[in-house]
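K.L.:
Okay, here's the structure, questions in a sec.
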Amino acid sequence: MMENVNISAGCLSSLIKYAISLKEIKVWAIKMLDSTAKIPSGMFEGTVTEFGAFDQCLAILVKNKKGFEDFRGQYCSVEAIPSLGPRPKDLNLAKKSHIDPNESIMKEIETKIFAFYQLTHRFGICVPSTCSADDMQMLGAQGKL
Numbered sequence: 001m002m003e004n005v006n007i008s009a010g011c012l013s014s015l016i017k018y019a020i021s022l023k024e025i026k027v028w029a030i031k032m033l034d035s036t037a038k039i040p041s042g043m044f045e046g047t048v049t050e051f052g053a054f055d056q057c058l059a060i061l062v063k064n065k066k067g068f069e070d071f072r073g074q075y076c077s078v079e080a081i082p083s084l085g086p087r088p089k090d091l092n093l094a095k096k097s098h099i100d101p102n103e104s105i106m107k108e109i110e111t112k113i114f115a116f117y118q119l120t121h122r123f124g125i126c127v128p129s130t131c132s133a134d135d136m137q138m139l140g141a142q143g144k145l
């Protein structure tokens, strides 16, 4: 999964430690995951921002085996820009259509897709302090974030 990423060695090492620690259910790793935003409730109604837990993220301190600081939690605000293809010519925010509740979710998404062209989707994530903004941008560009 992380073998072909072009990020700093320190960031990669910390992310690997994070993944292993999640598997081992270590408290700091669970708190880092918990402080990261999830898909927001009400997305189909226009909720496009989820901040996560800023203070909880910054309170995370990870020590190495000798007891020295390895890294801390670092809060990052990420703008999510989905790959949607060309913007439709008839895009209309006021356009409403009735969808049968028993229809497939894909029909619902079709009627709401305009929001993904119009609105900025922003999420707060908690990452190791050893990762730079460039590292995060690279991971996002590679679809690894």
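Letter by letter, the sequence shown follows residues 1 to 145 in UniProt numbering. Using N, Cα and C, we set each Cβ at its ideal position, and we do this for glycine too. Here the structure is a predicted model, which means the values were calculated and not measured.
(1) Please work out which residues of its chain come closer than 6 Å, Cβ to Cβ, to I125, disregarding the five sequence neighbours upstream and downstream, and give them in chain order.
(2) Could you tell me how far apart the beta carbons of T47 and R122 are, in whole angstroms, since I believe they sit closer than 8 Å?
(3) Residue range of the beta strand (DSSP E) that P80 falls in?
(4) By the three-class DSSP mapping on this structure, what secondary structure does G10 have?
(5) Cα separation between G140 and N6?
(6) So, under 8 Å CB-CB, D70 and V62 are touching, yes? Tell me the CB distance rounded to an integer number of Å.
(7) Do you know offhand how far S132's Cα is from G42's?
(8) T130 and C11: beta carbons closer than 9 Å?
(9) Alpha carbon to alpha carbon, how far is I20 from D135?
(10) Under 8 Å: does the beta carbon of C126 sit that close to some heavy atom of the ligand NAP?
(11) So L22 and L33 are supposed to be a Cβ contact under 8 Å. How far apart are they, rounded?
(12) By Cβ distance, which residues of its chain are closer than 8 Å to A80, with the 5 residues on each side in sequence left out?
(13) Distance, Cα to Cα, P128 vs K17?
P.N.:
Put simply:
(1) T36, C76 and V78
(2) That belief does not hold up - the Cβ atoms of T47 and R122 are roughly 11 Å apart, past 8 Å.
(3) With the sequence shown as reference, residue 80 is identified as Ala, and Pro is not the correct amino acid for it. It spans E69 to A80 - the beta strand (DSSP E) in which A80 sits, taken as one unbroken run.
(4) The three-state secondary structure of G10, taken from DSSP, is helix.
(5) 11 Å
(6) 5 Å
(7) 31 Å
(8) yes
(9) 20 Å
(10) Ligands in the displayed structure: none, and consequently the ligand NAP is not present.
(11) 6 Å
(12) Counting only residues of its own chain and dropping the five nearest sequence neighbours on each side, A80 has a CB closer than 8 Å to the CB of H121, R122 and F123.
(13) P128 and K17 have their alpha carbons spaced roughly 10 Å apart.
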